[in-house]
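Working notes for the structure below.
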Amino acid sequence: MSFRERVYQITANIPKGTVATYGQIAKLAGSPKAARAVGMFMKTNPFAPRVPCHRVVASDGSLTGFSAPGGVMKKKKMLLGEGVRFVGAKVDISSFWNPS
DNA sequence: AAACTGACTTCTC
DNA sequence: GGAGAAGCCAGTT
Numbered sequence: 168m169s170f171r172e173r174v175y176q177i178t179a180n181i182p183k184g185t186v187a188t189y190g191q192i193a194k195l196a197g198s199p200k201a202a203r204a205v206g207m208f209m210k211t212n213p214f215a216p217r218v219p220c221h222r223v224v225a226s227d228g229s230l231t232g233f234s235a236p237g238g239v240m241k242k243k244k245m246l247l248g249e250g251v252r253f254v255g256a257k258v259d260i261s262s263f264w265n266p267s
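All you need for our numbering is the position in the first sequence, starting with 1, plus 167.
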């Protein structure tokens, strides 16, 4: 399985109401520094509806990119509909961050 | 095969 | 705390 395959798999495996950072996905895919490449995969995602690329956010929780009509705002609304907490214009990644 | 690009991340000013 | 620059990875041309 190629790196991108894993990325798509992981992205599609993100639970509803949850978001993951590019770095996290890249790490799970096997390359913690490949966050950039991950973003590219999302951009060229051949599994459009299957891969919830809108659940993938930057390490800051910011919704970067998203060429879809409406822009990041639309994605924000969509995530809100899934139960994702937002802090201002960013995702509250702190809620997903598991503080031990 | 080499160079450029990009939905990133992290450090420093 | 916000803005700018450098580094890494995989893909595309």
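We put the beta carbon where it would ideally sit given N, CA and C, even for glycine.
DSSP beta-bridge partners of residue i
| i | result |
| --- | --- |
| Ser229 | Lys257 |
| Val223 | Ala187 |
Residue range of the alpha helix (DSSP H) that includes residue i
| i | result |
| --- | --- |
| Thr211 | Premise fails: Thr211 is in no alpha helix (DSSP H) and is neither H nor E. |
| Gly248 | 239-249 |
For residue i, three-class secondary structure by DSSP
| i | result |
| --- | --- |
| Ala201 | coil |
| Ile181 | coil |
| Ser262 | helix |
| Arg171 | helix |
| Ala235 | coil |
Proximal residues to residue i (C-beta, below 6 Å), its chain only, five neighbours per side dropped
| i | result |
| --- | --- |
| Val205 | Val174, Tyr189, Ile192, Ala193 |
| Ile260 | Gly228 |
Contact between the stretch 196-216 and the stretch 241-254: three or more CB pairs below 8 Å? no
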